[in-house]
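Residue numbers (the numbering used here), protein chains in the order written: chain A, 1 to 192; chain B, 193 to 462. Ideal placement from N, C-alpha and C gives every residue a C-beta, glycine not left out. Report on the following structure.
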């Protein structure tokens with residue numbers, strides 16, 4: 001299933017989904033399944049768990065598409081926020097021992113296929129990789145631990161054997177730098 | 193914490209990295225501060241770009257169909273529970289989350305009025321965002337759905353000739369409880385259950401009508417909601433109406449003609 005060359009904007013898809021248009025939901029799935037599933041597999045360390053959560057995410061999209069407000073941000077951000085928060089919730093429900101097992105034995109993602117992504121997504125991937133590479137290692141590390149392993153700031157402090165205040169500062173600084181490097185896209189979306 | 197302190201937490205919140213107490217405090221602040229809500233949305237644009245840093249992975253081929261099937265069957269699509277003849281045990285029931293003892297019905301009505309009042313206050317003060325309002329509307333819809341069912345139940349119970357049977361949990365689910373309210377004239381029945389464990393994938397609970405020594409007659413299949421409750425309506429055949437004993441077993445989700453699975457609820461023999 002290839003995305004059409006002239007794509008319906010994401011926000012339009014969500015509007016259609018809010019009107020109970022199944023085809024639009026299918027299109028949204030086709031467009032973002034690789035990124036979302038890749039994200040979930042990275043967080044959960046299991047294809048099976050990731051498929052469960054991806055299914056839950058799309059049910060949530062079906063139920064809550066009407067809540068999406070274009071003025072507040074991009075549809076992609078809304079979608080990824082939903083997916084990641086469900087994944088982190090599930091991850092935090094697992095016992096500490098399960099989480100350790102997951103972190104140390106991440107399943108190698110099969111069928112990783114950059115080629116199947118559309119040009120826009122591939123470009124975004126490059127931009128984000130470049131931005132991350134420009135962060136000081138200690139800042140980058142805290143962001144990735146929070147984002148992909150769902151650790152809280154105090155859990156990161158414990159993991160890295162660093163004071164909580166130091167971790168907070170690194171994370172804030174990292175986020176500010178990341179936002180600079182990615183460009184301030186959000187400003188254009190707000191109607192100030 | 194002052195306002196600047198809350199603002200400083202926003203990028204961490206967008207990462208979901210705040211610990212419990214700080215996260216709760218920030219949530220409370222966000223419910224009253226539109227500026228911070230907007231700024232959090234901005235931070236999320238940055239944070240969620242990190243999704244591109246994960247290696248893309250193709251899910252299994254069947255997942256798309258499973259998702260669409262799940263979406264088609266989602267309770268949010270339905271407007272009202274339908275009444276279906278008992279002869280088709282494969283009919284699926286959409287359970288409504290409901291607590292259904294008399295006093296709780298009154299409590300729900302109070303909550304309903306509270307929600308109405310809450311909505312009025314919100315419109316006047318205009319403090320909440322559209323998102324919060326949509327959430328409240330959703331709760332209102334669910335609650336008024338529950339009230340419809342309670343009204344039906346009340347009507348049923350106050351019909352002359354109506355009878356009730358209570359079902360007790362077996363050793364499979366000692367804490368479970370069920371109730372069947374039946375109007376023997378019309379054959380209209382409502383069944384409610386509490387405390388049942390969630391049915392495993394591919395399975396559902398099925399209601400049975402037992403009259404004397406005859407083999408059990410199949411009723412509808414149902415699943416419980418996240419709170420372990422279920423409520424459904426049935427239209428009984430003349431045979432089923434003569435039943436004095438009722439039971440619930442766990443069966444394949446399409447339902448079966450004769451019970452095969454373990455029994456979870458059983459009424460005392462009449």
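For residue 401/B, the enclosing beta strand (DSSP E) begins and ends at 395 to 402. Residue 249/B carries a strand assignment under DSSP once its states are collapsed to helix, strand and coil. Contact with chain B is absent for residue 46/A, since none of that chain's Cβ atoms lies less than 9 Å from the residue's Cβ. In this structure, the straight-line span from the alpha carbon of residue 367/B to that of residue 308/B is close to 35 Å.
Between residue 240/B and chain A, the shortest Cβ-Cβ separation is below 9 Å. In this structure, residue 139/A sits near residue 170/A, with a CB-CB distance shorter than 9 Å.
Residue state for residue 93/A is assigned as helix, using DSSP reduced to three classes. For residue 20/A, at least one C-beta of chain B is nearer than 9 Å to its own C-beta. The C-beta of residue 164/A has fewer than 16 other C-beta atoms within 10 Å across all chains shown, which makes the residue exposed.
Beta-bridge partners assigned by DSSP to residue 361/B: 457/B.
Collapsing the DSSP output to three states places residue 425/B in a strand. Of the candidates 441/B, 311/B, 413/B and 263/B, 441/B places its Cα closest to the Cα of residue 454/B. The C-beta of residue 8/A comes no closer than 9 Å to any C-beta of chain B. For residue 413/B, the secondary structure class from DSSP, reduced to helix, strand or coil, is strand. Rounded to the nearest whole angstrom, the CA to CA distance from residue 262/B to residue 39/A is 22 Å.
Per DSSP, the continuous alpha helix (DSSP H) segment holding residue 433/B begins and ends at 430 to 433.
Nearest neighbour of residue 360/B by Cα position, chosen from 345/B, 457/B and 379/B, turns out to be 457/B. Looking at the DSSP output, residue 442/B shares a beta bridge with 397/B. Using a 10 angstroms sphere on the CB of residue 377/B, the tally of other CB atoms stays under 16, which defines it as exposed. The residue among 430/B, 436/B, 449/B and 420/B with its C-alpha nearest the C-alpha of residue 398/B is 449/B. At least 9 Å separates the CB of residue 400/B from every CB of chain A.
By the CB criterion at 9 Å, residue 353/B and residue 328/B fall outside the cutoff. Around the beta carbon of residue 31/A, 16 or more other beta carbons sit within 10 angstroms, so the residue counts as buried. Per DSSP, reduced to three states, the secondary structure at residue 388/B is coil, with no helix or strand assignment.
Residues of the region 194 to 209 of chain B with a C-beta atom less than 8 Å from some C-beta of chain A are 200, 203, 204, 206, 207, 208 and 209, listed in chain order. In chain order, 266 and 268 make up the part of chain B whose C-beta sits under 8 Å from the C-beta of residue 63/A. If you draw a straight line from the Cα of residue 210/B to the Cα of residue 202/B, it comes to about 9 Å. Under the Cβ criterion of 9 Å, residue 13/A is not counted among the residues facing chain B. In chain order, 240 and 243 make up the part of chain B whose C-beta sits under 8 Å from the C-beta of residue 80/A. Close to chain B, meaning a Cβ-Cβ distance shorter than 8 Å, are the following residues of the region 152 to 184 of chain A: 152, 153, 154, 156, 168, 171, 172, 175, 176, 178, 179 and 182.
For residue 182/A, the CB contacts under 6 Å within the same chain, skipping 5 residues up- and downstream, are 131 in chain order. Chain-order list of chain B residues neighbouring residue 85/A: 208, by C-beta distance under 9 Å. The residue among 60/A, 69/A, 54/A and 59/A with its C-alpha nearest the C-alpha of residue 250/B is 54/A.
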